[in-house]
Amino acid sequence: GPCGPCSEIHVDLRSDEERSRVDGKTLVNNDHPQVVEIWNNVFMQFERRADGSLVELPSKHVDTGMGFERLCMALQGKTSNYDTDVFTPLISAVESITGMRYERSAEKRDVAMRVISDHIRAVSFAICDGQLPGSSGAGYVIRRILRRAIRYGYSFLGMKEPFIYRLVAVLAGEMGDFFPEIRNNRDLVARVIREEEEGFLRTLENGIRLLDEIVERTPGDLIDGRTVFELYDTFGFPVDLTALIAAEGHKRIDQAGFEHELRQQKERSRAATRLETEDWVELSRGETTFVGYDELECEARILRYRKIKAKNKEHFQLVLDVTPFYAESGGQVGDTGRLVSANETIRITDTKKENNLVVHFTDALPEKPDGRFRAIVDRERRKETASNHSATHLLHEALREVLGTHVEQKGSLVHPDYLRFDFSHFARVGDEELESVENKVNERIRKNLGLEENRNMPIAQARETGAMMLFGEKYGDLVRVIRFGNSVELCGGTHVRSTGEIGSFIIRSEGAVAAGVRRIEAISASAASAYVKDELAALDAVRKLLKSGDPVKAVSDLQARLHEQQKQLEVFQHEKAMQVKKEWLTQVKEDDGVRCLITRTDLGAAALKDIAFQLKNEVPGLFAVFGSAGDGKALLTCVIAEDLVASRNLNASAIVRELAKHIQGGGGGQPFFATAGGPRTEGLEEALLHARKIIR
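Here it is, written out as structure tokens:
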């Protein structure tokens, strides 16, 4: 790669006395903490080839870089980056929040404060730049950094609740004049970090406890790869965090074993969807021409075919010379339809891309594969799919408008029956926000915005237009750009000619799919119309049942009446319970200091428990067992005065388990109160008889 000679600039921060003893030149690049490099200029003029030879570059330049924190350390006469005013406000804030004092030592407490003050800067600026924490790619790097900081706060500062997010305000105050984006996005950054803290802290305690146990019981110094993988897969522990905690216990991890387990998991996932394929039978050479943006029918020939087996069922894959069928990509499902000849019709069940081939799936092979066919796309299905794809673009635009420009597409599914859109956001989307998003999409539909399509726009020009691009996606030099009003996206899918064709748009659900990623499912076009029709029919049925033109008021009135009747029922049940209690007090029999009450009742479980505790508190030396039945089940309740538990060694939990054998059930509880249930109601009398024998 490109390289060249460099000029490194080092600064010697030692005292005059130390300089006089040892020449600073001898300490350059020797990891001395006070003889540090602050600047480097690389004069790029060669390319180093694989064989080590140098070839002069046609265009030369200087690659320069200065360490901001080290420069501050030199200018402020400090011996550590963390003693400069780049970090001291953050460290002071950590001191204030945790109630601990920073003493500039190598103690884990001080290391934790340095780690947190460093990591909050990296994570905050990354989020400001639009990179939210995620489960893959750049998002996972941000998540790992943040989780490392969370773990240091948890283990060494005793912080079991989210607190790192509170440092964002300090960072914005210090850096906001120079980086306005951190001040403008302060609340967003804090919410994202708090969400991450809450999510990781829920699993951190169990994970750390488990890892500590693993470190303690591992006989050698190596923690096996399977264990490391389980921590990664179950508790979300990044492997480098596991390695760090292991090192604190003087252990190391089996990195190769971990990577093997990771590969095995991926292989299992692939195997679950693997196809058995035969070799291609080539009828004619050539490449497929896709005409599906403009036509839904065309003449076609089969270039090649092969048999495949999936889930023990045979299918065929066909490659055509010309096709109107859209192959699944970009989240949009593939087209279905027919391949028609003079003698037969073959059903196309799906269309996918495989190694740049447009592959058509069928359940049968044509009798004459080398004949001529008419390829016909299912027109209605394509229309519904196109409506949902265009609605997805409008949804993306509306979400960014309502929630903020941090919203980015993280995944999508465009199906003829519905659409699914995954996007970056740090919290649940509120009902009012969802309503606003839905309204904005429908406004754009009613405006009947025309489709503006450019199939071959240079990528640089597309960027200049502000077209939405998927983060991490690789694009060619020429791209297809789809525009509906202000919605501009790079897209290879099929779309309506104008937004009015979508008809209407309805959000059906919103929820989380991963930390920092939300999902919306919605419908449009005929599915939305059918949904509204069904809802209106259901509403009409409710009106008829309620015999009211205003079902909302009618239901509200019903709820009010029900609430009043429940109150009356509670009063009645309480009065009945008090009456039962009085009767039971007269039935209590005393023998040798034990006051015994064993009886059947028709009281409910809640009322029975309430009375049982009242009796326990009012009747010294009480031993009581109650049998009841309801909903086809038997219930036994045992209550024992606490003085009997101690003096007579009686245990309600043990007794009720013994009695439960008569009702073919089980139960338990505390020494002074326990319950059991079972299906055999006819065994209640036997259980009560057994209870009398126990107390005798």
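For the sequence shown, the numbering used here begins at 6 and goes up steadily by one. Glycine is no exception: its CB is placed at the ideal position from the N, C-alpha and C atoms.
query	result
Three CB pairs or more closer than 8 Å across the stretch 397-416 and the stretch 370-389	no
Start and end residues, alpha helix (DSSP H) containing A117	K113 to C133
C-beta contact flag for V501 and S395 at 9 Å	yes
Segment contact, 8 Å Cβ cut-off, at least three pairs: the stretch 630-640 with the stretch 681-692	yes
Delimiting residues of the alpha helix (DSSP H) encompassing C77	F73 to L80
Of the listed residues Q578, I150 and F431, nearest to D615 (C-alpha basis)	Q578
Alpha-carbon to alpha-carbon, N190 and Y310	55 Å
Whole-number beta carbon distance between T341 and I351, since they are thought to touch under 8 Å	Contact flag wrong, Cβ pair sits at about 12 Å.
The beta strand (DSSP E) enclosing Q675, as first and last residue numbers	G671 to Q675
Cβ pair count under 8 Å reaching 3, the stretch 391-407 against the stretch 419-438	yes
Helix, strand or coil at G254 according to DSSP, with G and I counted as helix	coil
P329 and V364 closer than 9 Å at C-beta	no
Pick from N34, H37 and G6 that is closest to D56, judged by C-alpha positions	G6
Outcome for V557 when other beta-carbon atoms lying within 10 angstroms are tallied against a minimum of 16	exposed
Limits of the unbroken alpha helix (DSSP H) element including E52	Taken as a continuous stretch (DSSP letters only), E52 belongs to no alpha helix (DSSP H), being part of the beta strand (DSSP E) at V40 to R53.
Three-state class that DSSP yields for V557 in the structure shown	helix
Beta-carbon gap between S129 and A520 smaller than 9 Å	no
Per-residue burial, C11 [other beta carbons within 10 Å of its own, 16 or more giving buried]	exposed
Coarse secondary structure for T103, derived from DSSP in three states	helix
Same chain, Cβ closer than 7 Å to E266, five either side skipped, listed in chain order	G230, R231 and F234
Straight-line Cα distance separating D192 from S85	31 Å
Candidates V47, R75, L693 and I507: closest to Q421 by CA position	Note on identity: in this sequence residue 421 is Pro, with Gln being the wrong assignment. Minimum Cα distance to P421 is reached at I507.
Where F330 sits in the DSSP three-state scheme	coil
Exposure label - K256; buried when at least 16 CB within 10 Å	buried
Residue burial classification, T247 (beta-carbon count within 10 angstroms, cutoff 16)	buried
P112 and F92 closer than 9 Å at C-beta	A quick correction: the sequence has Glu, not Pro, at residue 112. No, the pair does not count as a contact, with Cβ atoms beyond the cut-off.
Option nearest R54 by Cα separation, candidates A391, C8 and I525	C8
Supposed contact pair T499 and A391 - C-beta distance, whole angstroms, cut 8 Å	5 Å
Euclidean distance between Cα positions of L151 and T680	48 Å
Residues near V67 by beta carbon distance below 8 Å, same chain, minus five either side	N46, V47, F48 and M49
Buried versus exposed, by CB contacts within 10 Å (16 or more), V576	exposed
Contact between the stretch 120-138 and the stretch 162-180 (3+ Cβ pairs under 8 Å)	yes
Cutoff 6 Å; reference E457; Cβ partners in own chain excluding five residues on either side	R488
7 Å Cβ shell around A131 - same chain, five flanking residues per side excluded	I147
Residue of T31, L551, L608 and Y107 minimising C-alpha distance to L563	L551
Meets three-Cβ-pair contact criterion under 8 Å: the stretch 527-540 and the stretch 477-496	no
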